[in-house]
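Notes follow once the structure below has been shown.
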Amino acid sequence: KAGVTQTPRYLIKTRGQQVTLSCSPISGHRSVSWYQQTPGQGLQFLFEYFSETQRNKGNFPGRFSGRQFSNSRSEMNVSTLELGDSALYLCASSLREKAFFGQGTRLTVV
Amino acid sequence: AQRVTQPEKLLSVFKGAPVELKCNYSYSGSPELFWYVQYSRQRLQLLLRHISRESIKGFTADLNKGETSFHLKKPFAQEEDSAMYYCALHLSNFGNEKLTFGTGTRLTIIP
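Residue numbers (our numbering), protein chains in the order written: chain A, 8 to 117; chain B, 0 to 110.
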């Protein structure tokens, strides 16, 4: 079985731009979650999608949004990028309580 | 609200010495707790879960409900144990699934 795939692996954007990250879950997994990983804050939960519906949302501003498609693939969008958005963004697909992570997208905002 | 606390950001231990990575949680219900590990240049992966009471790579973790702790232990550290470790609390509420992570502990094994 292929693992969780995230694209792109690396991104460099300037302040004020917007960005879209993509995540393809493991086949058969309907739950997809997104996390932001930074050295200072660790892993912070962004949101979780299940069957195209957002079920959970973390404490992030409205600039962070996401969606899930009928094939369970998910995208995350960040608008009006700020320097503090520089981080590794991880996607995880889940079957019940077990989460499987992608390798992440490293976003650098300059 | 649920919370996971890992008080040590950094932990250095000599090879062969015992390791204990601390994790405390706050949650009013019955918790499901996990340890995840991230080795250098690898993806975050599940190490062990409290419900299975297993030992993985020599690591064990016991859930102590009285102390609301789920510390990760290994009697003899090995160099390959150097990694970032995250404690996580899983919640399932009417189908809503959420993993809450601690801020992580970077473990360095000194040869």
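Each residue gets a CB set at the ideal place from its N, CA and C atoms; glycine is no exception. Remember, predicted model here, so these are calculated numbers, not experimental data.
Does the beta carbon of residue i sit closer than 8 Å to a beta carbon anywhere in chain B?
i: S38 (chain A); result: yes
i: E55 (chain A); result: yes
i: N84 (chain A); result: no
i: E104 (chain A); result: yes
i: F71 (chain A); result: no
i: Q75 (chain A); result: no
i: G109 (chain A); result: yes
Using CA coordinates, which residue listed in the options is at the minimum distance from residue i?
i: G15 (chain B); options: B:D80, B:Y26 and B:H89; result: B:D80
i: H70 (chain B); options: B:Y26, B:Q77 and B:Y84; result: B:Y84
i: S101 (chain A); options: A:V26, A:T12, A:R16 and A:R37; result: A:R37
i: K105 (chain A); options: A:Q51, A:Y96, A:P32 and A:G47; result: A:P32
i: Q61 (chain A); options: A:Q75, A:L50 and A:G49; result: A:Q75
i: L95 (chain A); options: A:R103, A:S86 and A:F108; result: A:F108
i: F33 (chain B); options: B:T104, B:K56, B:L46 and B:S54; result: B:L46
i: S77 (chain A); options: A:E59, A:G65, A:V117 and A:M83; result: A:E59
i: F57 (chain A); options: A:G69, A:L18, A:A99 and A:T21; result: A:A99
i: L88 (chain B); options: B:L9, B:Y35, B:S39 and B:R52; result: B:Y35
i: V3 (chain B); options: B:L9, B:K21 and B:P74; result: B:K21
i: E78 (chain B); options: B:N92, B:S51, B:S39 and B:S25; result: B:S39
Would you kindly work out how many angstroms separate the C-alpha atoms of residue i and residue j, rounded to a whole number?
i: S29 (chain A); j: P17 (chain B); result: 41 Å
i: L98 (chain B); j: G28 (chain B); result: 15 Å
i: E7 (chain B); j: G103 (chain B); result: 8 Å
i: R70 (chain A); j: T87 (chain A); result: 7 Å
i: G57 (chain B); j: K20 (chain A); result: 42 Å
i: E96 (chain B); j: F54 (chain A); result: 10 Å
i: V93 (chain A); j: L90 (chain B); result: Residue identity differs from the one stated: residue 93 (chain A) is Ser in this sequence, not Val. So the alpha carbons of these two residues sit roughly 28 Å apart.
Determine, for residue i, whether the minimum Cβ-Cβ distance to residues of chain A falls below 8 Å.
i: Q44 (chain B); result: yes
i: T99 (chain B); result: yes
i: G15 (chain B); result: no
i: G57 (chain B); result: no
i: T107 (chain B); result: no
Who are the neighbours of residue i on chain D, taking C-beta pairs under 8 Å?
i: Y85 (chain B); result: Absence of chain D from the displayed structure is noted, the protein chains being A and B.
Can you pull the chain A residues whose beta carbon is under 8 Å from the beta carbon of residue i, in chain order?
i: E53 (chain B); result: Within 8 Å Cβ-Cβ: nothing; E53 (chain B) doesn't reach chain A, min ~13 Å.
Just the chain B side, please: which residues come within less than 7 Å of residue i by C-beta, in chain order?
i: S101 (chain A); result: E96
List, in order along the chain, the chain B residues whose C-beta lies closer than 9 Å to that of residue i?
i: N66 (chain A); result: Per Cβ cutoff of 9 Å: no residues; N66 (chain A) is ~10 Å from chain B at best.
i: L97 (chain A); result: R42 and L43
Show which residues of chain A have a CB atom less than 7 Å away from the CB atom of residue i.
i: H89 (chain B); result: E104
At 9 Å on the CB atoms, spell out the chain A contacts of residue i, in chain order.
i: G28 (chain B); result: Correct list: empty, because the minimum Cβ distance to chain A is about 14 Å.
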